[in-house]
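Heads up: the sequence shown runs through residues 212 to 535, numbered per our numbering. Just so you know, even glycine gets a beta-carbon here, dropped at the ideal spot from N, CA and C. These figures come from a predicted structure and were not determined experimentally. See structure below.
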Amino acid sequence: MADLSNWAFPPEMQPNAEELRFDLEAALDSMVLLRSEVPEDAFTAGILGTERIGNGVVIRDDGLVLTIGYLITEATTIWLNTNKGAAVAGHPLAYDQATGFGLVQPLGKLAVPALSRGTAASCRVGDDVVLAGHGGRKHALKAKLIARREFAGYWEYVLDEALFTTPAHPHWSGAALISVSGRLLGIGSLMVQEELGGRTVQGNMIVPIDLLEPILEDLVKLGRARRPARPWLGLYATEVKGHVVVSGLAGGGPAERAGVQVGDIVMEVASGRVSGLADLFRKIWSTGSAGVEVPMTLVREGSVSRVRVSSADRQDLLKKPSLH
Numbered sequence: 212m213a214d215l216s217n218w219a220f221p222p223e224m225q226p227n228a229e230e231l232r233f234d235l236e237a238a239l240d241s242m243v244l245l246r247s248e249v250p251e252d253a254f255t256a257g258i259l260g261t262e263r264i265g266n267g268v269v270i271r272d273d274g275l276v277l278t279i280g281y282l283i284t285e286a287t288t289i290w291l292n293t294n295k296g297a298a299v300a301g302h303p304l305a306y307d308q309a310t311g312f313g314l315v316q317p318l319g320k321l322a323v324p325a326l327s328r329g330t331a332a333s334c335r336v337g338d339d340v341v342l343a344g345h346g347g348r349k350h351a352l353k354a355k356l357i358a359r360r361e362f363a364g365y366w367e368y369v370l371d372e373a374l375f376t377t378p379a380h381p382h383w384s385g386a387a388l389i390s391v392s393g394r395l396l397g398i399g400s401l402m403v404q405e406e407l408g409g410r411t412v413q414g415n416m417i418v419p420i421d422l423l424e425p426i427l428e429d430l431v432k433l434g435r436a437r438r439p440a441r442p443w444l445g446l447y448a449t450e451v452k453g454h455v456v457v458s459g460l461a462g463g464g465p466a467e468r469a470g471v472q473v474g475d476i477v478m479e480v481a482s483g484r485v486s487g488l489a490d491l492f493r494k495i496w497s498t499g500s501a502g503v504e505v506p507m508t509l510v511r512e513g514s515v516s517r518v519r520v521s522s523a524d525r526q527d528l529l530k531k532p533s534l535h
């Protein structure tokens, strides 16, 4: 795995403790480096790799670590490293596909403070924030919240409202978005390009912490949220010239088995016209829970075709932790 320790933001890009209303060093000590290993035959190995590295943040006094879920999906080995040099094995406690959050239970004592959780509803576009990774102040970035809006990911993922910050943190996965009062506002998920003042800038997409609160206890106790599993089709899609186009298929997934092909334009789901990527996924989810048959109208090389896709629960395809 790559060594992420031998770099630093320039001092002018790092947060200044004197400008903040909290103990910056204590907050940064809540961050851990997270390394995971995934079997080569895991469902997500081909897309996300077998060795993954990112960040996590301790959110409870018992050491519970919150991260972004793709870092720990199907992981058989997890190591957590603190700023003080401790290295502790971790157990992948939960991954919630709807939000993207993941939880790791350390199997030893991390001996670091927990970062208090806030609410993303308390911050406004234009607010100063800190986006922090493991490694102390040199890996913490002064940033601004530049947008809050819907986000749709090609992998059957939608957030009603995501947070967007700039400048971009180069090691964003699982990074903590922290308010000027020292509260956790969200978890880093992606590098994105945003329009700002008539120019394109690089930034990060953040999953708001507010989405965790209603499901946290379920994730800890059950390993997943207590809600019906969404129907999963195993298709990747993108928007091209006003159309939603299939850009990829999960091998052996429901959509591929039903005859959906890369390049198909998705016109309708359950007789409802598809108006965009987020609309496509919401229409799929509105047909019922995992296992439901999803009718779709496709356009392929100018011809209209109709398919019925027998959906699945994506969790059923993932390797599970050996203990919970």
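- Within the region 281-326, the complete beta strand (DSSP E) runs of at least 3 residues fall at 288-293, 298-306 and 312-317.
- Take the alpha-carbon of Ala298 and the one of Thr255: they are about 26 angstroms apart.
- The three-state reading of DSSP puts Arg441 in coil, since its state is none of H, G, I, E or B.
- Per DSSP, reduced to three states, the secondary structure at Lys494 is helical.
- Residue range Leu427 to Leu433 is occupied by the alpha helix (DSSP H) that includes Val431.
- Residue burial is scored here from C-beta neighbours: Val249 has at least 16 other C-beta atoms within 10 angstroms and is therefore classed as buried.
- Taking all protein chains shown into account, Glu406 has fewer than 16 neighbouring C-beta atoms within 10 Å of its C-beta and is therefore exposed.
- In chain order, Leu245, Leu282, Ser384 and Gly385 place their CB closer than 6 angstroms to the CB of Gly265, counting only its own chain and leaving out the 5 sequence neighbours on each side.
- For Pro465, the enclosing alpha helix (DSSP H) has its first and last residue at Pro465 to Arg468.
- DSSP places His350 in the helix class (H, G or I) of the three-state scheme.
- When C-alpha distances from Ala237 are compared across Leu395, Ala332 and Leu356, the shortest belongs to Leu395.
- Under the 8 angstroms Cβ criterion, the region 436-450 counts as touching the region 488-504, having at least three qualifying pairs.
- Contact fails between the region 432-439 and the region 354-372, because fewer than three Cβ pairs, one in each stretch, are under 8 angstroms apart.
- The beta carbons of Pro226 and Val412 sit no closer together than 7 angstroms.
- About 4 angstroms separates the Cβ atoms of Gly301 and Ile289, confirming a contact at the 8 angstroms cut-off.
- Under the DSSP assignment, Ile420 falls outside any alpha helix (DSSP H); it carries neither an H nor an E label.
- Take the alpha-carbon of Gln472 and the one of Ile398: they are about 34 angstroms apart.
- If you draw a straight line from the Cα of Glu504 to the Cα of Ile495, it comes to about 10 angstroms.
- Contact between Ala322 and Phe492 does not hold, since their C-beta atoms are separated by about 42 angstroms, which reaches or exceeds 8 angstroms.
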